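A.B. asks: Pasting a structure below so you can have a look.
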Amino acid sequence: METERELNLEATELRLGLPGTSDESAKNTTHRSNKRALPEQPVSANMATTSKNCDQETAPHTKAQVVGWPPIRSYRKNSLQPKKSEAEMSGIYVKVSMDGAPYLRKIDLKVFKGYPELIKALEDMFKFKAGEYSEREGYNGSEFVPTYEDKDGDWMLVGDVPWEMFTGCCKKLRIMKGSDARGLGCVV
Amino acid sequence: MHKKMAFSFPDEVLEHVFSFIQSDKDRNSVSMVCKSWYEIERYCRRKVFVGNCYAVSPRMVIRRFPEFRSIELKGKPHFADFNLVPDGWGGYVFPWIAEMAGALPWLEEIKLKRMVVTDESLELIAKSFKNFKVLVLSSCEGFSTDGLAAIAATCKNLKELDLRDCEGDDLGWHWLSYFPDTYTSLVSLNISCLGSDEVSFSALERLVGRCTNLRTLRLNRAVPLDKIANILRHAPQLVEFGTGSYTADLRPDIYSDLAGAFSSCKELKSLSGFWDVVPAYLPAIYPVCSKLTSLNLSYATLQSSDLIKLVSHCPNLQRLLVLDYIEDSGLEALASICNDLQELRVFPSDPFGVEPNVSLTEQGLVAVSSGCPKLQSVLYFCRQMSNEALVTIAKNRPNFTRFRLCIIEPTTADYLTLEPLDVGFGAIVQYCKDLQRLSLSGLLTDRVFEYIGTYAKKLEMLSIAFAGDGDLGLHHVLSGCESLRKLEIRDCPFGDKALLANAEKLETMRSLWMSSCAVSFGACKLLGQKMPRLNVEVIDERGPPDSRPESCPVDKLYIYRTLVGPRFDMPPFVWTMEDDPSLQQLSRANLM
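Top to bottom, those sequences are chains A and B. Start counting the first sequence at 1; every next residue gets the next number (my numbering). Start counting the second sequence at 1001; every next residue gets the next number (my numbering).
What follows is the structure, given as structure tokens:
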């Protein structure tokens, strides 16, 4: 036993799970996948949102933001951003169609900060529910699925790529009927 | 037995004497000498200060002071500044305006802090007070430029319109044109918080040009640099000036225009603004720098070298607000040049970054504390601190009255020893005997609170975050800090025991805020029952606290002393704990 401890087997043990997590914490949670816990809304691969179960996560480039910390006023945070130039003032307008709807709409992708806001806006605009997004299965539990046409002309599922990448390559949006959307997904 | 007081003066004489007493505290003391002084004083009090708008009702204030001309009201707790108080919590000024409108037609000044001020309120102010002169809205929200238009159009004697740090809806600058052409009495205008790009320069220039008594003008980011020169030429008598966006293409004509305009301002003592600053245009202000006593560069994204150059022209600075781009080297320069410095605020340029982006450490603060003998007020954001540095700072500057240190990462230890920063902050409270305000950060145990309770006898306001081990910490503070008026706490393991044991203390304070701590709903109820003169507000957006076990900690707790019981304007996510019914008659009587 002592030799085991000296050898520090734990450090060299092969295991599934992120570095820094241990068996104890895995046992304590009722459901724990080895990926980061996914939040309810569709999210970009660049996880900017915090996941509540994982308090041992270390994400070097994106940090979980604590509300009201550090204690600076919002108008100070806003003023650190450069004033919008003429080019930045113009939006990214894309057409949005929905299967079965008589006419198209247009939305400005610039006004959204990420997928959850975009999906909510589409849901409000066309009166549908997109369902739960997951990387593996796309949108579960709904008749309609948000898709987009990218620069290459391919029809992709909304939510797979990081938000910034999406706004840069999205040419049109189409809310497809679920049955038509089978087989769509990221080209891996 | 009838005693004739040989030395009693007629009321008019006493009134005249009292008129020299301006401070609120002194006035309160005067009113407690005897009944007749109370009566005389209350009729001649001209300025009323209400630190918590829910501590008293407008009717009560007007009944006691029927002749006041100026009122200062504060609403939301300080942590509202950092989005910890949910929208809709309260702090509405309208009921106050409505009561004063009828009773005090000669009201001249209204100063509000952290209150909700609707356009309706502004319109009522404009309509009701014929001699209205001063409106100061500090960190307020709820109004738009439509409300400002009503003030501009109607208040012929307006002297001051100051919207510092507000969040108003800027629907465009046409409200400025509502000041009639005959209106010339403006002395102070601060619109730095307004956001619209729709600026009407001609209206602004005409206004500035005809108001020859204008002393303070703080513009907003929408005003471009090439308009500044013209505005300054219309108002060379300005004492305080805030620029707009301090950027333009590099053109010699703009530069010389600007430099010339600044040179003609012989009275300038305070500068601010400087959004989007282009360093090449900075020398335009050099002609006025030697007289500057106040400089706000907290929006200026300048590098350390440019900041040092600028500061070296301002040897008479008393107040400096700056971003941490100034770095330790800049603060060392500041320490050697600005020997009159009294207040320093260093804000973070990258508050959410994980790695430091600038070379600003505890050394900068040590340098300033050493080189600036008059330094008494500090707000400092940094990423590392040591007990050694704090002790040095405390010994250097025992004259601190306000010390607010924010180490950006919560629970950061002394970077040299990896110990908590208890000893360092302990030194601050021990050496700085006149300390009135303190904000703590870093890794702290209950020990720091023991120091604070023991030494911080003049401390009036304390802010605590991510600190302490348990109830003992809170107990030290509540039982030891004799002058404590405001206590705000977030994310600390303080629970029921200390709070309940020190319930009486809470009546001697203005307010206590606790969020994300360990105070149970049961304790809140108990406190509410025990203390009828306190409002114990449970703020919880998760839903009614009684839908969870009593032992469950509440999300947010705001306790304040009051003469008027639970307020009537609570939103659905705020519950005031009920007073004991047998004591309820006591609070009802106070409403009469």
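A virtual CB, placed ideally from N, CA and C, is assigned to each residue, including glycine. Quick caveat, the model's predicted, so the values are computed rather than measured.
#1: Less than 8 Å between the CB atoms is what I'm expecting for Leu1375/B and Leu1341/B, so what's the real figure, rounded?
#2: Roughly how many angstroms lie between the CA atoms of Asp180/A and Gln65/A, to the nearest whole one?
#3: Could you tell me which chain B residues have their CB closer than 9 Å to the CB of Arg73/A, listed as they occur along the chain?
#4: Under three-state DSSP, which class holds Ser1070/B?
#5: At a CB-CB cut-off below 7 Å, which residues of chain B make contact with Leu80/A?
#6: Is the distance from the Cβ of Ser1441/B to the Cβ of Cys1481/B below 8 Å?
#7: Pull out every residue of the segment 1275-1308 of chain B whose Cβ sits closer than 8 Å to any Cβ of chain A, in chain order.
#8: 8 Å is my cut-off, CB to CB: does Ile1408/B come that close to chain A?
#9: Going residue by residue through the segment 1518-1592 of chain B, where are the continuous beta strand (DSSP E) segments of at least 3 residues, counting only ones entirely within it?
#10: In or out: Gly1543/B buried (at least 16 other Cβ within 10 Å) or exposed?
#11: Could you tell me which residues DSSP pairs with Ser1305/B in its beta bridges?
#12: Check distances from the C-beta atoms of the segment 1332-1365 of chain B to those of chain A and list, in chain order, the residues that come in under 9 Å.
#13: Output, in chain order, the set of chain B residues within a Cβ distance shorter than 8 Å of Lys177/A.
#14: Cutting at 6 Å between CB atoms, please list the residues of its own chain near Phe1065/B, excluding the five before and the five after it.
#15: Can you give me the Cβ contacts of Leu1526/B inside the same chain, cut-off strictly under 7 Å, excluding the 5 residues immediately before and after it?
#16: In the DSSP assignment, find the beta strand (DSSP E) that holds Ser1377/B and state where it starts and stops.
#17: Return the residue from the list Leu1474/B, Ile1539/B, Val1448/B and Gln1430/B that minimises the CA-CA distance to Tyr1455/B.
#18: Does the segment 1456-1463 of chain B come within contact of the segment 1408-1425 of chain B, defined as at least 3 CB pairs closer than 8 Å?
#19: Using beta carbons (cut-off 8 Å, strictly below), is Cys1372/B in contact with chain A?
#20: Are the C-beta atoms of Cys1314/B and some chain A residue less than 8 Å apart?
#21: Just checking: is the beta-carbon of Cys1594/B within a distance shorter than 8 Å of some beta-carbon in chain A?
#22: Under 7 Å Cβ-Cβ, which residues of chain B neighbour Pro102/A?
#23: Can you tell me whether DSSP reads Ser1019/B as helix, strand or coil?
#24: Across which residues does DSSP place Ala1465/B in a beta bridge pair?
#25: In its own chain, which residues sit with a C-beta less than 7 Å from the C-beta of Lys129/A, not counting the 5 before and 5 after it?
#26: Only counting the same chain, and skipping five residues up and downstream in sequence, which positions put a Cβ closer than 7 Å to that of Ala1523/B?
#27: Give the interface partners of Lys77/A over in chain B, defined as CB-CB distance under 8 Å, in chain order.
#28: Exposed or buried, which one is Cys1034/B when buried takes at least 16 other CB atoms within 10 Å?
#29: Assuming Ser1270/B contacts Val1239/B (C-beta within less than 8 Å), just tell me the rounded distance between them.
#30: Do Ala1389/B and Glu1409/B have their CB atoms nearer than 8 Å?
#31: For Val1017/B, does the count of other Cβ atoms within 10 angstroms reach 16, so buried, or fall short, so exposed?
#32: Say whether chain A places a C-beta atom closer than 8 Å to the C-beta of Cys1193/B.
#33: Less than 8 Å separating the beta-carbons of Trp1089/B and Pro1532/B?
#34: Can you tell me the Cβ-Cβ gap for Glu1167/B and Glu1141/B, rounded? I've got them flagged as a contact below 8 Å.
#35: My assumption, with CB atoms under 8 Å, is that Ser1298/B sits in contact with Phe1347/B. Please give the rounded CB distance.
#36: Roughly how many angstroms separate the alpha carbons of Glu1355/B and Asp1146/B, rounded to a whole number?
C.D. replies: Looking at the coordinates:
#1: Position 375 of the second sequence, counted from the first residue, corresponds to residue 1375/B. Position 341 of the second sequence, counted from the first residue, corresponds to residue 1341/B. The pair is a contact, with the Cβ atoms about 6 Å apart (cut-off 8 Å).
#2: Stepping through the first sequence from its first residue, residue 180/A is reached at position 180. Stepping through the first sequence from its first residue, residue 65/A is reached at position 65. Each residue's Cα considered, the two are about 39 Å apart.
#3: Translated into the one-based positions of the first sequence, residue 73/A becomes position 73. Residues of chain B passing the Cβ test: Asp1081, Phe1082, Ser1139 and Asp1165.
#4: Here residue 1070/B corresponds to residue number 70 of the second sequence, with the count starting at 1. Ser1070/B: strand per DSSP, three-state reduction.
#5: Along the first sequence, one-based indexing puts residue 80/A at 80. Within chain B, the residues near Leu80/A are Ser1349.
#6: Mapped onto the second sequence, residue 1441/B falls at position 441. Mapped onto the second sequence, residue 1481/B falls at position 481. Contact: no.
#7: Trp1275, Asp1276, Ser1298, Tyr1299 and Thr1301
#8: Counting from 1 along the second sequence, the entry for residue 1408/B is found at position 408. By this cut-off, Ile1408/B is an interface position.
#9: 1534-1539, 1556-1561 and 1574-1576
#10: Stepping through the second sequence from its first residue, residue 1543/B is reached at position 543. Gly1543/B is exposed by the Cβ-count criterion.
#11: As a first step, residue 1305/B must be located in the second sequence, where it is residue number 305. Looking at the DSSP assignment, Ser1305/B forms no beta bridge with any residue, so it has no partner.
#12: Phe1347, Pro1348, Ser1349, Asp1350, Pro1351, Phe1352, Gly1353, Val1354 and Glu1355
#13: Counted from its first residue, the first sequence places residue 177/A at position 177. Neighbours of Lys177/A on chain B: none; closest Cβ ~37 Å, over 8 Å.
#14: Along the second sequence, one-based indexing puts residue 1065/B at 65. Here the set comprises Arg1042, Arg1045 and Val1048.
#15: Taking the second sequence and counting its residues from 1, one reaches residue 1526/B at position 526. Leu1500, listed in sequence order.
#16: For the purposes of this step, residue 1377/B is identified with residue 377 of the second sequence, where counting begins at 1. Ser1377 to Cys1382 is the extent of the beta strand (DSSP E) around Ser1377/B.
#17: Taking the first residue of the second sequence as position 1, residue 1455/B is located at position 455. Looking at the Cα atoms, Gln1430/B is the closest of the given residues.
#18: no
#19: Residue mapping note: residue 1372/B aligns to position 372 of the second sequence, counting from 1. So, not an interface residue.
#20: By 1-based counting over the second sequence, the position of residue 1314/B is 314. Judged by the 8 Å Cβ criterion, Cys1314/B is not in contact with chain A.
#21: Residue 1594/B is absent from the model: chain B starts at 1001 and stops at 1592.
#22: One-based indexing of the first sequence puts residue 102/A at position 102. Correct list: empty, because the minimum Cβ distance to chain B is about 35 Å.
#23: Taking the second sequence and counting its residues from 1, the one referred to as residue 1019/B is at position 19. Ser1019/B falls in the coil class under three-state DSSP.
#24: As a first step, residue 1465/B must be located in the second sequence, where it is residue number 465. According to DSSP, which records beta bridges pairwise, Ala1465/B is partnered with Arg1490/B.
#25: Taking the first residue of the first sequence as 1, we reach residue 129/A at position 129. Answer for Lys129/A: Glu123 and Ser142, listed in chain order.
#26: On the second sequence, position 523 is the one that residue 1523/B refers to. Hits under 7 Å: Asp1496, Leu1499 and Leu1500.
#27: Residue numbering aside, residue 77/A sits at position 77 when the first sequence is read from its first letter. What Lys77/A touches in chain B: Pro1351.
#28: Here residue 1034/B is taken as the residue at index 34 of the second sequence, counted from 1. With fewer than 16 Cβ atoms within 10 Å of its Cβ, Cys1034/B is classed as exposed.
#29: Numbered from 1 along the second sequence, position 270 holds the residue referred to as residue 1270/B. Numbered from 1 along the second sequence, position 239 holds the residue referred to as residue 1239/B. Rounded, the Cβ-Cβ distance is 7 Å, consistent with contact.
#30: The sequence position of residue 1389/B within the second sequence is 389, counting from 1. The sequence position of residue 1409/B within the second sequence is 409, counting from 1. Their beta carbons are not under 8 Å apart, which means Ala1389/B does not touch Glu1409/B by this criterion.
#31: What you label residue 1017/B is simply residue 17 of the second sequence in a count that begins at 1. Result: exposed.
#32: Taking the first residue of the second sequence as 1, we reach residue 1193/B at position 193. For Cys1193/B, the answer is yes, since a Cβ of chain A falls inside 8 Å of its Cβ.
#33: Taking the first residue of the second sequence as 1, we reach residue 1089/B at position 89. Taking the first residue of the second sequence as 1, we reach residue 1532/B at position 532. Contact flag unset, no.
#34: To locate residue 1167/B, count along the second sequence from 1; it is residue 167. To locate residue 1141/B, count along the second sequence from 1; it is residue 141. About 4 Å separates the two Cβ atoms, so the contact holds.
#35: Translated into positions along the second sequence, residue 1298/B becomes position 298. Translated into positions along the second sequence, residue 1347/B becomes position 347. About 5 Å separates the two Cβ atoms, so the contact holds.
#36: Taking the second sequence and counting its residues from 1, the one referred to as residue 1355/B is at position 355. Taking the second sequence and counting its residues from 1, the one referred to as residue 1146/B is at position 146. One C-alpha to the other measures close to 44 Å.
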